[in-house]
Amino acid sequence: MDEEELLKKIINKELTICETCDNIFAYVPNKIFCSNCKRLRWNAQMRASHKKNKNKRNTQKRVYYEKNKEKITAQARADYAANPEKKKIYREKNRDKLNARRRVHREKNRDEMNAQKRVDYHKKKDASE
Ligand SMILES: [Zn+2]
Numbered sequence: 039m040d041e042e043e044l045l046k047k048i049i050n051k052e053l054t055i056c057e058t059c060d061n062i063f064a065y066v067p068n069k070i071f072c073s074n075c076k077r078l079r080w081n082a083q084m085r086a087s088h089k090k091n092k093n094k095r096n097t098q099k100r101v102y103y104e105k106n107k108e109k110i111t112a113q114a115r116a117d118y119a120a121n122p123e124k125k126k127i128y129r130e131k132n133r134d135k136l137n138a139r140r141r142v143h144r145e146k147n148r149d150e151m152n153a154q155k156r157v158d159y160h161k162k163k164d165a166s167e
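All residue numbers for the sequence shown refer to the numbering used here, where the first residue is 39 and numbers rise by one.
Given below as structure tokens:
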């Protein structure tokens, strides 16, 4: 297909050139981006929206949890009752990952944890006296 024929088809609304990447696709009314560019634009918009509304979403989740705490914990209990070995299997499968995560957490919060342990020790000591 030469350039003149291509232009003719675009003018006759048989084909469209993508606004961003110059891909050519079949004409659809009001469609100006090819499917790949449309997907990329959509993903970028969603990413920006999620980033912008992070606090709002977390607040909504927290409010929902507070409102439906009993329902959620009951479901978790039912899931556990249905398959009590699930957690154990997961822990055995991911032992190294979990230990590494725990090690990093403890290294990061060592001072705070030791301070809390000292407080607990003195509380217990004062209570026994
Ligand atoms: Zn495109």
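We treat Cβ as the ideally placed atom computed from N, Cα and C, and that holds for glycine.
Bear in mind that the values here come from a model prediction, so they are computed numbers and not experimental data.
Would residue i pass as a contact of residue j if the rule is Cβ separation under 7 angstroms?
{"i": "Cys27", "j": "Thr97", "result": "The structure shown does not extend to residue 27, since the chain is modelled only from 39 to 167, so the question has no answer here."}
{"i": "Tyr65", "j": "Leu78", "result": "no"}
{"i": "Ile55", "j": "Ile62", "result": "yes"}
DSSP on residue i, reduced to helix/strand/coil?
{"i": "Thr54", "result": "strand"}
{"i": "Ile70", "result": "coil"}
May I ask you to check if the CB of residue i is nearer than 6 angstroms to at least one heavy atom of ligand 1?
{"i": "Thr58", "result": "yes"}
{"i": "Asn137", "result": "no"}
{"i": "Asn68", "result": "no"}
{"i": "Arg81", "result": "According to the sequence as given, residue 81 is Asn; it is not Arg. Flag unset: Cβ of Asn81 not near ligand 1."}
{"i": "Asn106", "result": "no"}
{"i": "Asn61", "result": "yes"}
How close, in whole Å, do the beta carbons of residue i and residue j come, if the pair is a contact with beta carbons under 8 angstroms?
{"i": "Met151", "j": "Arg140", "result": "Incorrect: roughly 12 angstroms between the Cβ atoms, too far for contact."}
{"i": "Tyr103", "j": "Ile110", "result": "6 angstroms"}
Quiz item: What alpha helix (DSSP H) runs, 4 residues minimum, are completely inside the stretch 72-155?
Solution: 73-90, 92-105, 107-120, 123-131, 133-146
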